[in-house]
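Counting with the working numbering, you get residues 51 to 501 for the letters of the sequence shown.
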Amino acid sequence: MFQYAFILGRVYTISLAELLAVLDNLSVAYRVAACSPEVVVIECEKQLDAVKLQARLGGVIKIIRLFDTFQKKGKEFPSQVLTNYFTFKRINEYFHDYTGKKQFGVSIYVLDPTLHFRDESQRIAFLIKKVLQEQAQSVRAVIPQFPAQSLSSVLVNENQILQKGAEIVVICGNQKLFVGKTLCVQNYEDYGRRDYQRPARDEHAGMIPPKVSQSMINLAGPLKPLDYVLDPFCGSGTILQESILMGLRAIGSDLDQTAVENSEKNLEWFRNRYHVPPNRYKLLRAHASEIGSQLSNFKVAAVVTEGTLGPIYTKLPKKSEIDANFKTLSKLYSQVFKEFKTFLPEGARVVICLPAYKVSQTDYEFMDNLDFGTENGYTVLDPISEPLALKYKFLRVTGRKTMVYDRKDQIVAREIVIFYNGIPKVESNQETVIEGTIVPETESGEEAISN
Ligand SMILES: C[S@@+](CC[C@H](N)C(=O)[O-])C[C@H]1O[C@@H](n2cnc3c(N)ncnc32)[C@H](O)[C@@H]1O
């Protein structure tokens, strides 16, 4: 059995849904052993290719291989649990085989958000340093600055911690403590390039971040290499770009000629920069409700799209304006979803972002209903299996099985919906329990100790 921890992104529900969907798509049997808004611990029966996985997961910040689990007796601090853990032999197993001056980092993540430690990373770093210095090894420790308990992926990269030593990671709950090391971190520089270095940007129409695009593609079900993904509201082509990067082929269309030209420019830049093989994408100009006639030569496997989010607002519009926007959208999507039926195979998914107006820090004004999809023969899929959502109550799945991606400064957030063309026999994305049944949950997001 292999144990991994995945550090989840800011919008952790989407991160988790994406991760589990990818494991499902890869047919990995897994069990969620513990989860909190910052980290999920997963047990699986086979070793994962962490680097490959990291590259395709928009919502995961770090992947950690866990080596040891401790049962806590009470409220011990991590450094107390680990007092005698770091022997010279063990440290060498953890550390990268680097001959120069070794460099390591220590990060702590918690399974209970109320757990907060001061100077614990420092104490753990001291335990490791002491052992190495006894062996006359010179080392440098990188530790998070209070109040942070963990190192950012930027710090891990800038200090070359994974190359020159290791990032030791402690996942601490109330009953369990896991120890492991980071296998890889998200390539934040590359995401930045894929976002901001594109030659044609259309801030006015809104551009979906590459990470969110990736998560949505991953939620579009098991897709085979070179399958066609369609974005019928392609704008400047972010979803197309990310689909191609994930080994798929992309078809993009837009009503607006300038948007099609922007996608063309961006994909040309992307093709050269990322050495994309020829014939990986096709661009068309079309009204989304008439796209079918132009797709007779393509077998579209999934639709992933941001659709139109309506006007960009700097302050919350009036309720009547919001309602009018929703009404227009409902009408458009009703036609568009009907059109999808003309070329989408049964079981294919449509992953779409709908606008959600942020009326307060926690409340949104959503479209009244999803009838435009359900009345056209689509089923809304649960992004996170029901038992899991019940077990980890902090997960944010709306009553109609959707998730919200928002940013602090934005008035219009994105509501992500996963539609299934038809009625699924067994809902996918089920938690695969590999040993026994789900053990009752404690408050903190850990499993209760069962015996
Ligand atoms: C929010 S933008 C999409 C942004 C895109 N995901 C990106 O990152 O660049 C929506 C796009 O939908 C297009 N659009 C609006 N109504 C349309 C329709 N009926 N058919 C096709 N495209 C449409 C607009 O021209 C715009 O480019």
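For glycine and all other residues, C-beta sits at the position ideal for the given N, C-alpha and C.
Nothing here was measured: the structure is a model prediction, and the numbers come from that model.
For Arg168 and Phe117, I'd like the C-alpha separation in whole angstroms. Sequence index remark: in the sequence shown, residue 168 carries index 118 (1-based). Sequence index remark: in the sequence shown, residue 117 carries index 67 (1-based). Cα to Cα, the separation comes out at about 24 Å.
Please state whether DSSP places Gln480 in a helix, a strand or coil. Locating residue 480 in the sequence shown gives position 430, counting from the first residue. With a pLDDT of only 46 at Gln480, under 50, the local geometry of the prediction cannot be trusted, and no value is derived from it.
Do Met453 and ligand 1 come close, with the Cβ less than 8 Å from some heavy atom? Here residue 453 refers to the residue found at position 403 when the sequence shown is read from its first residue. Outside the cutoff, so no.
Ser478: buried (16+ other C-beta within 10 angstroms of its C-beta) or exposed? Here residue 478 corresponds to residue number 428 of the sequence shown, with the count starting at 1. In this prediction, Ser478 has a pLDDT of 48, which is less than 50 and means its spatial position is unreliable; what the coordinates show is noted afterwards. Burial call: buried.
With three or more C-beta pairs closer than 8 Å as the rule, is the region 324 to 338 touching the region 371 to 380? no
At a threshold of 8 Å, does Ala439 count as lining ligand 1 (C-beta to nearest heavy atom)? The residue you call residue 439 lines up with position 389 of the sequence shown. Incorrect: Ala439 has no Cβ contact closer than 8 Å to ligand 1.
Within the same chain, show all residues whose beta-carbon is closer than 8 Å to that of Ala105, passing over the 5 residues directly before and after it, in chain order. The residue you call residue 105 lines up with position 55 of the sequence shown. So the list reads Asn237, once near-sequence residues are dropped.
Residues near Glu396 in its chain [Cβ-Cβ closer than 7 Å; skip 5 each side]: Reading the sequence shown from its first residue, position 346 is the one you call residue 396. Excluding sequence neighbours, Glu396 sits near Asn471 and Gly472.
Between which two residues does the alpha helix (DSSP H) containing Met266 stretch? To locate residue 266, count along the sequence shown from 1; it is residue 216. Taken as a continuous stretch (DSSP letters only), the alpha helix (DSSP H) holding Met266 covers Pro260 to Asn268.
Those residues which DSSP pairs with Phe228 across a bridge: Taking the sequence shown and counting its residues from 1, the one referred to as residue 228 is at position 178. In the DSSP assignment, Phe228 forms a beta bridge with Thr119 and Ile221.
Using 9 Å as the threshold, is the C-beta distance between Ile158 and Gln199 below it? On the sequence shown, position 108 is the one that residue 158 refers to. On the sequence shown, position 149 is the one that residue 199 refers to. Cβ atoms of Ile158 and Gln199: closer than 9 Å.
I need the straight-line Cα distance from Val354 to Val206, nearest angstrom please. The residue given as residue 354 occupies position 304 in the sequence shown. The residue given as residue 206 occupies position 156 in the sequence shown. Spanning the two alpha carbons is a distance of roughly 33 Å.
Uninterrupted beta strand (DSSP E) stretches inside the region 281 to 366 (no shorter than 3 residues): 299 to 304, 331 to 335 and 350 to 355
Of the choices Gly242, Lys102, Ser346 and Asp277, whose alpha-carbon is the least far from that of Lys261? The residue labelled residue 261 in the question sits at position 211 within the sequence shown. Of the listed residues, the one whose Cα sits closest to Lys261 is Gly242.
Given a cut-off of 9 Å, decide if Val220 and Ile111 are closer than it, judged by their beta-carbon atoms. Position 61 of the sequence shown, counting from 1, holds the residue named residue 111. Position 170 of the sequence shown, counting from 1, holds the residue named residue 220. Going by C-beta atoms, Ile111 is not nearer than 9 Å to Val220.
From this set, Ser410, Cys403, Lys315 and Gln385, which residue's C-alpha is nearest Leu366's C-alpha? The residue labelled residue 366 in the question sits at position 316 within the sequence shown. Comparing Cα positions, the closest option is Ser410.
Close beta carbons around Leu317, own chain, < 7 Å, minus the five adjacent residues each side: Counted from its first residue, the sequence shown places residue 317 at position 267. If we look at Leu317 and ignore the five residues flanking it on each side, its Cβ neighbours are Gly287, Leu290, Gln291 and Tyr331.
Mind checking whether the beta-carbon of Phe376 lies closer than 8 Å to any heavy atom of ligand 1? To locate residue 376, count along the sequence shown from 1; it is residue 326. No, since every heavy atom of ligand 1 falls outside the 8 Å radius drawn around the Cβ of Phe376.
Cutting at 6 Å between CB atoms, please list the residues of its own chain near Ala270, excluding the five before and the five after it. Translated into positions along the sequence shown, residue 270 becomes position 220. Only Ala352, Val354, Arg399 and Val401 meet the Cβ criterion.
Please say whether Leu345 and Ile294 have beta carbons closer to each other than 9 Å? Along the sequence shown, one-based indexing puts residue 294 at 244. Along the sequence shown, one-based indexing puts residue 345 at 295. The answer is no: Cβ separation not under 9 Å.
Using only CA atoms, which one of Thr137, Arg244, Arg190 and Leu212 lies nearest to Val181? Reading the sequence shown from its first residue, position 131 is the one you call residue 181. Among Thr137, Arg244, Arg190 and Leu212, the Cα nearest to that of Val181 belongs to Thr137.
Count the other CB atoms, across all protein chains shown, that sit within 10 Å of the CB of Ala79; report buried if there are 16 or more and exposed otherwise. Numbered from its first residue, the sequence shown carries residue 79 at position 29. Per the 10 Å Cβ criterion, exposed.
Range covered by the alpha helix (DSSP H) that runs through Tyr62: Residue mapping note: residue 62 aligns to position 12 of the sequence shown, counting from 1. Unbroken alpha helix (DSSP H) run through Tyr62: Tyr62 to Asn75.
Can you tell me the Cα-Cα spacing of Gln480 and Val72, whole angstroms? Within the sequence shown, numbered from 1, the residue matching residue 480 stands at position 430. Within the sequence shown, numbered from 1, the residue matching residue 72 stands at position 22. For Gln480, the predicted structure reports a pLDDT of 46, less than 50, and the residue's modelled location is therefore unreliable. A value from the coordinates is still provided. Rounded to whole angstroms, Gln480 to Val72 spans 12 Å at the Cα level.
When the Cα of Glu126 is compared with those of Lys151, Leu165 and Ile57, which residue comes out closest? Numbered from its first residue, the sequence shown carries residue 126 at position 76. Closest option to Glu126, Cα to Cα, is Leu165.
Looking at ligand 1, does it come within less than 8 Å of Ala338, judged from the CB to the closest heavy atom? In the sequence shown, counting from the first residue as 1, residue 338 sits at position 288. Yes, since a heavy atom of ligand 1 falls inside the 8 Å radius drawn around the Cβ of Ala338.
Is it buried or exposed for Leu70, if we count other Cβ within 10 angstroms and need 16 for buried? The count along the sequence shown starts at 1 and reaches residue 70 at position 20. Under this definition Leu70 is a buried residue.
Measure the Cβ-Cβ separation of Tyr428 and Phe387 and say whether it is below 9 Å. The residue labelled residue 428 in the question sits at position 378 within the sequence shown. The residue labelled residue 387 in the question sits at position 337 within the sequence shown. Tyr428 places its beta carbon less than 9 Å from that of Phe387.
Sufficient close CB pairs (3 or more, under 8 Å) joining the region 434 to 447 to the region 78 to 95: Segments in contact, yes.
Option in Ser188, Pro87, Thr358 and Arg244 with minimal Cα separation from Gly256: As a working mapping, residue 256 is identified with position 206 in the sequence shown. Gly256 has its Cα closest to that of Thr358, out of Ser188, Pro87, Thr358 and Arg244.
Taking C-alpha atoms, which residue in Gln264, Lys152 and Ile141 lies nearest to Leu177? Counted from its first residue, the sequence shown places residue 177 at position 127. The residue with the shortest Cα to Cα distance from Leu177 is Ile141.
Proximity winner among Arg457, Glu465, Val189 and Val101, relative to Lys451 (alpha-carbon distances): Counting from 1 along the sequence shown, the entry for residue 451 is found at position 401. Checked all of Arg457, Glu465, Val189 and Val101; the closest Cα to Lys451 is Glu465.
Once you ignore the five residues that flank Ala145 on each side, which residues in its own chain have a CB closer than 6 Å to its CB? Locating residue 145 in the sequence shown gives position 95, counting from the first residue. Correcting the residue type first, residue 145 is Phe in the shown sequence and not Ala. Closer than 6 Å at the Cβ level, and outside the excluded window around Phe145, lie Gly215 and Ala216.
With respect to the beta strand (DSSP E) encompassing Gln153, which residues constitute its N-terminal and C-terminal limits? Stepping through the sequence shown from its first residue, residue 153 is reached at position 103. It spans Lys152 to Val160 - the beta strand (DSSP E) in which Gln153 sits, taken as one unbroken run.
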